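The opening position of the sequence shown corresponds to residue 15 in this note's numbering, with each subsequent residue numbered one higher. Every residue gets a Cβ at the ideal spot worked out from N, C-alpha and C, and that includes glycine. All figures in this text were calculated on a predicted structure; none of them were measured in a lab. Presented below is the structure to which this report refers.
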Amino acid sequence: MLKPLIFLVMTIVAFSSFADEYDKENFKILDLGEKATSYGWYVPYQINENTYAILAPKHWQETVSYLFVGTEKALLIDTGMGFGNIKDAVDAITNLPIIVANSHTHYDHVSNNYLFDTVYGRDHEFTKKNASGHPKSTWQNALQPSAVSGPLPEGFSFEKYESKSFKITKYLKLGEKIDLGGREIEVIFTPGHTPDGMLFFDRAAGLLSTGDTFYPSTLWAHRSDAYFKDYITSAKKIAEMENDVKYILPGHGEIVANPNFLGELYKAFEAMRDPNTPFEKQEARRRYEFDGFAALVKDPPE
Numbered sequence: 015m016l017k018p019l020i021f022l023v024m025t026i027v028a029f030s031s032f033a034d035e036y037d038k039e040n041f042k043i044l045d046l047g048e049k050a051t052s053y054g055w056y057v058p059y060q061i062n063e064n065t066y067a068i069l070a071p072k073h074w075q076e077t078v079s080y081l082f083v084g085t086e087k088a089l090l091i092d093t094g095m096g097f098g099n100i101k102d103a104v105d106a107i108t109n110l111p112i113i114v115a116n117s118h119t120h121y122d123h124v125s126n127n128y129l130f131d132t133v134y135g136r137d138h139e140f141t142k143k144n145a146s147g148h149p150k151s152t153w154q155n156a157l158q159p160s161a162v163s164g165p166l167p168e169g170f171s172f173e174k175y176e177s178k179s180f181k182i183t184k185y186l187k188l189g190e191k192i193d194l195g196g197r198e199i200e201v202i203f204t205p206g207h208t209p210d211g212m213l214f215f216d217r218a219a220g221l222l223s224t225g226d227t228f229y230p231s232t233l234w235a236h237r238s239d240a241y242f243k244d245y246i247t248s249a250k251k252i253a254e255m256e257n258d259v260k261y262i263l264p265g266h267g268e269i270v271a272n273p274n275f276l277g278e279l280y281k282a283f284e285a286m287r288d289p290n291t292p293f294e295k296q297e298a299r300r301r302y303e304f305d306g307f308a309a310l311v312k313d314p315p316e
């Protein structure tokens, strides 16, 4: 019985290691000081020697921004909700010139854009409209004390909060590569969650920033600015990239996720087309549960 027992133990250990590979606890938290983290509002993680995640865990949104550092420039993907000054955290990590690019232009991903001089975006009416700022009434459920689970950044108040306008300094093209100096980040258009969705891919390192196209929680494909047919096309496109990805870098909650989700996302959207796939009926929408994530879609989804 000894050999089978040893094999079983080794299998359990191997599975446990695999399961833990995508846990944020495995990644180093940087000590940037109180001011740089907006007094603990942001938690900065180091993913590899030149890639960082900046998580805002005290709000239910748990938005994540990513900093890709090259030898000449750095790319900040998404700037968060604007509750704290994310530029202070970025400046504490690198003194290189910063390019901001957004996975999409919902308020919780662009509200610190105004702090930066260089912002890349889509040449799309949805992007241009949102660059003028988001009215507070649009996201009222996220802009109240009940949305927060810890101390707010020093000087912040819900009454004075605003999602400020920002200027787009360059429009990105499909397939364009952003050269950071010794590091190229590929631009991939992925409409669905919003019309202006984009992914950013460091192909050499296998790092794929997915924004809200995928994160391991409940995906939103039910709002008026979401389009199911576009989402499924985008899901198919990124499923074909699965073997080239080491880590998904999702827009909420977790700082990395298993690339196997890319194939599962496409399968999920295909399943939602099948009338036999079970779902929970909610007001004017459906909720589908899958292994490791869920999706809200319109009723019917398309």
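Going by alpha carbons, who is nearest to residue i out of the options?
i, options, result
"Ser238", "Phe214, Gly206, Lys72, Ala218", "Gly206"
"Asn127", "Gln75, Glu176, Glu168", "Glu176"
"Tyr66", "Gly195, Ser79, Gly54, Thr232", "Ser79"
"Phe203", "Thr247, Lys49, Ser171, His120", "Thr247"
"His222", "Phe214, Ile68, Phe293", "This sequence places Leu at residue 222; His is not what is there. Nearest option by C-alpha distance: Phe214."
"Ala103", "Tyr56, Ile112, Gly265, Ala88", "Tyr56"
"Ser231", "Lys87, Gln75, Lys312, Asp210", "Gln75"
Near residue i, what residues of its chain come up, given a Cβ to Cβ distance below 6 Å and the 5 sequence neighbours on each side ignored?
i, result
"Pro314", "none"
"Tyr53", "Pro167, Glu168"
"Asn272", "Tyr36"
"Gly147", "Ser177, Lys178, Ser179"
If you follow the beta strand (DSSP E) that residue i is part of, which residue opens it and which one closes it?
i, result
"Ser248", "It is not in any beta strand (DSSP E) - Ser248 instead sits in the alpha helix (DSSP H) that spans 242–253."
"Asp193", "191–193"
"Pro121", "This sequence places Tyr at residue 121; Pro is not what is there. Here Tyr121 belongs to no beta strand (DSSP E); instead the alpha helix (DSSP H) covers 121–124."
"Phe304", "299–304"
"Thr379", "Look at the range of the chain in this structure, 15 to 316, and you will see that residue 379 is not part of it."
"Tyr128", "Here Tyr128 belongs to no beta strand (DSSP E), and DSSP marks it neither H nor E."
"Gly135", "133–136"
"Gln154", "No beta strand (DSSP E) holds Gln154; DSSP gives it neither H nor E."
With a threshold of 7 Å between beta-carbons, can residue i be considered close to chain D, or not?
i, result
"Asp226", "Looking at the structure shown, chain D is missing, and only one protein chain is on hand."
Looking only at its own chain, which residues have a Cβ that is under 8 Å from the Cβ of residue i, when we skip the five neighbours before and after it?
i, result
"Ile20", "Any reading at Ile20 is ruled out, since the residue's pLDDT is 37, under 50, leaving its predicted position unreliable."
"His73", "Met95, Phe97, Ala156, Ala161, Val162, Ser163"
"Thr291", "Ala285, Tyr302"
So if DSSP puts residue i in a beta bridge, which residue, or which two residues, is it bridged to?
i, result
"Ser79", "Ile68"
"Phe203", "Met212"
"His73", "Val162"
"Phe97", "The partner list for Phe97 (beta bridge, DSSP) is empty, contrary to what the question assumes."
"Glu284", "Per DSSP, none; premise fails for Glu284."
"Trp234", "Leu310"
"Asn109", "Per DSSP, none; premise fails for Asn109."
"Leu89", "Phe82, Ile113"
"Ala103", "Ala103 is not bridged to any residue."
"Lys42", "Gln60"
"Glu198", "Asp193"
Near residue i, which residues of its chain fall below 7 Å by C-beta distance, leaving aside the five closest residues on each side in sequence?
i, result
"Gly277", "Ala253, Glu256"
"Lys38", "Tyr59, Glu268, Ile269"
Span of the alpha helix (DSSP H) holding residue i?
i, result
"Thr141", "139–144"
Verify the contact flag: residue i, CB atom, against every heavy atom of the ligand ZN, threshold strictly below 6 Å.
i, result
"Asp258", "Ligands in the displayed structure: none, and consequently the ligand ZN is not present."
contact_flag[the segment 179–188, the segment 60–74] where n(CB pairs < 8 Å) is 3 or more: Cβ pair count under 8 Å is below three, so no.
Is it true that the segment 269–285 meets the segment 302–309, where meeting means three or more beta-carbon pairs spaced less than 8 Å apart? Touching, yes.
Would you call the segment 41–48 in contact with the segment 227–244, where contact means no fewer than 3 C-beta pairs closer than 8 Å? Short answer: they don't touch.
Evaluate contact between the segment 256–268 and the segment 286–293, counting only Cβ atoms and requiring at least three cross-stretch pairs below 8 Å. At 8 Å Cβ cutoff, the stretches do not touch.
Stretch pair the segment 105–113 + the segment 146–155: three plus CB contacts closer than 8 Å: In short, these stretches do not touch, since the Cβ pair count stays below three.
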